[in-house]
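Residue numbers (mature numbering (1 follows the signal peptide of the UniProt record, and there is no 0)): -21 to -1, 1 to 375. In this text, a Cβ means the ideal position worked out from N, Cα and C, and glycines have one as well. Worksheet: the structure to be examined is printed underneath.
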Amino acid sequence: MNMKKYFAVILFSVFSVFAFSAELSFFLGDNTDLKFDGEEYKEPRLKQSEAFSALAKIPFNKKGTTFLFLEASLSHSYEKIFGDHENSENEFIADLNVLKFSSIMECSAGKFFLDAGRLFLPDLSQSVFAQSLDGASAQFSASWLDVSAFGGYTGLLNLKNISIMNSSGYEWTPDDENDFYDFCAPYIAGGVKISFPYLLFNQTISLEGLGFWDTEGPADSPKDEDNRFYGTLRLDGPLAPMLFYGLSGTASSTDFSDFGFLGRANISLFPDFKSSSVTISASYASGDRGPFVPFIGFTQITACLSADEPIYSGISKAGLFASIVPIDKLYCAVGGDAVFLDRDDNAFDYYGFQVYGNAKYYLFSDLALTLFASHFSGDSSDSSRTEIALNAVISF
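Written out as structure tokens, the structure is:
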């Protein structure tokens, strides 16, 4: 018993030393979002939410190359549809967004990065996988080569903050939702990525492979019969001074006999004027056309701002985006896209046009205000949507 107390005192003392050296940050946010579906601007949907987030970085050595990083959040939201007195919802969510042990090791050839715990990882295409998972990742980075790999599990994540689709493109939700926390559908996830920076004429070539396998978990979710695999090739680099491009193609499959396809392209100009930028972009996610089957990602990511909130499947869009910092502490951006649906084997159907803009102003160094507005004018009035959102975040 005395020995146990002795070790407990040692562990507490060590933890206290590390805790006192921790870097702590806190954020308090308030968001008001108003959506009008249809063209008549009646019975808007109001969502009011408040969130508190805490971030901590606890170093384990003097250089700070080995550390523990965590991000925890507690949020509340109230959602109400005007005109429907019985349709309102209060929800509280508690989550551990990130909890990882990280280590950075340098050698003559480059740097090694090791992470283990709850991580956030995006994929190359930015449309397949962009979420947290519980697992580990390793990366080697040098001037001419960047290689990384990860593996993890999704079944312990909070469904209230993460949307995972099955192989048919549908998100599973439990019949009886719990307060604060619901477990996600369980999958084993793994991936490998390799990049060759500035390989030829300052162009970077990147390749990535991803796999997702259905497994068991605490959630009572139905079994997903199909495993999913993705392969991405991306090229990016400068075309001229201040002019850059990005081009990527992603193939998806469940059995390596039928394939879906996602293509993305953009050209960006960064003129030497008030930190401004102009980007022309286009994307295409295959439907059931020609040699392709519908492309289905893993994380549910909305492809446009319509009331239907479609995913990247059987849809294409092209548009223009511009941003500028007109005065100190003020960031402004506007954009617009034409959107088309891949509904049959004959032609693409015009779906609608969206315009959007946002302004972010740092009233003080620790207080930021953001105003966002958008309008989607659909070919059908049922898909039209107008949205206005105001967000305030204070850090301390």
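Cβ-based burial, residue i [other Cβ within 10 Å; buried from 16]
| i | result |
| --- | --- |
| leucine -11 | Confidence at leucine -11 is low in this model, with a pLDDT of 46, below 50, so its placement is unreliable and no value can be given for it. |
| tyrosine 341 | exposed |
| lysine 202 | exposed |
| glycine 62 | exposed |
| phenylalanine 274 | buried |
| methionine 84 | exposed |
| aspartate 158 | exposed |
| serine 285 | buried |
| isoleucine 306 | exposed |
| leucine 103 | buried |
| phenylalanine 5 | exposed |
| methionine -19 | Note that methionine -19 scores a pLDDT of 49, beneath 50, so its modelled location is shaky; the value from the coordinates is reported in the next line. Flag for methionine -19 reads exposed. |
| leucine 98 | buried |
| glycine 357 | buried |
Pairwise C-alpha distance: residue j and residue i
| i | j | result |
| --- | --- | --- |
| proline 101 | cysteine 86 | 27 Å |
| serine 54 | glutamine 182 | 43 Å |
| lysine 79 | leucine 7 | 22 Å |
| alanine 301 | glycine 293 | 26 Å |
| lysine 90 | alanine 121 | 7 Å |
| aspartate 12 | phenylalanine 332 | 21 Å |
| isoleucine 373 | leucine 350 | 15 Å |
| glycine 314 | valine 334 | 6 Å |
| threonine 278 | phenylalanine 191 | 11 Å |
| serine 227 | proline 289 | 21 Å |
| arginine 207 | aspartate 328 | 28 Å |
| alanine 30 | alanine 338 | 21 Å |
| leucine 299 | alanine 244 | 12 Å |
| serine 232 | leucine 348 | 43 Å |
| glycine 225 | aspartate 161 | 37 Å |
| residue 436 | threonine 281 | The question about residue 436 has no answer, for the chain in this structure spans -21 to 375. |
| serine 363 | valine 77 | 36 Å |
| glutamate 173 | isoleucine 143 | What sits at residue 173 in the sequence shown is isoleucine, not glutamate. Isoleucine 173 and isoleucine 143: Cα-Cα distance of roughly 25 Å. |
| serine 185 | glutamate 18 | 43 Å |
| isoleucine 167 | aspartate 193 | 6 Å |
| glycine 196 | threonine 229 | 29 Å |
| serine 56 | serine 353 | 21 Å |
| proline 176 | valine 126 | 11 Å |
| alanine 198 | valine 257 | 44 Å |
Boundaries (first-last residue) of the beta strand (DSSP E) holding residue i
| i | result |
| --- | --- |
| tryptophan 151 | Per DSSP, tryptophan 151 belongs to no beta strand (DSSP E) and is neither H nor E. |
| proline 38 | 24 to 38 |
| aspartate 345 | It is not in any beta strand (DSSP E) - aspartate 345 carries neither H nor E in the DSSP assignment. |
| arginine 213 | 207 to 219 |
| serine 256 | 256 to 264 |
| arginine 243 | 239 to 248 |
| proline 101 | 90 to 101 |
| serine 127 | 125 to 132 |
| leucine 299 | 294 to 303 |
| serine 185 | 182 to 193 |
Beta-carbon separation (whole angstroms), residue i vs residue j, contact threshold 8 Å
| i | j | result |
| --- | --- | --- |
| proline 165 | tyrosine 132 | 7 Å |
| alanine 317 | alanine 297 | 6 Å |
| glycine 170 | glutamate 187 | 6 Å |
| glutamate 2 | alanine 51 | Their Cβ separation, rounded to whole angstroms, is 15 Å, which puts glutamate 2 and alanine 51 out of contact at 8 Å. |
| phenylalanine 283 | phenylalanine 355 | Note that residue 283 corresponds to cysteine in the displayed sequence, not to phenylalanine. Sure, about 7 Å apart at Cβ, within 8 Å. |
| glycine 242 | serine 106 | With a Cβ gap of about 10 Å, glycine 242 and serine 106 do not count as contacting. |
| glutamate 58 | lysine 14 | That belief does not hold up - the Cβ atoms of glutamate 58 and lysine 14 are roughly 10 Å apart, past 8 Å. |
So, do the segment 204 to 223 and the segment 174 to 194 have three or more beta carbon pairs nearer to each other than 8 Å? yes
Evaluate the contact criterion for the segment 69 to 77 versus the segment 236 to 253: three or more CB pairs, one atom per stretch, below 8 Å. no
Does the segment 102 to 113 come into contact with the segment 245 to 252, if we say contact requires no fewer than three beta-carbon pairs (one atom in each stretch) closer than 8 Å? no
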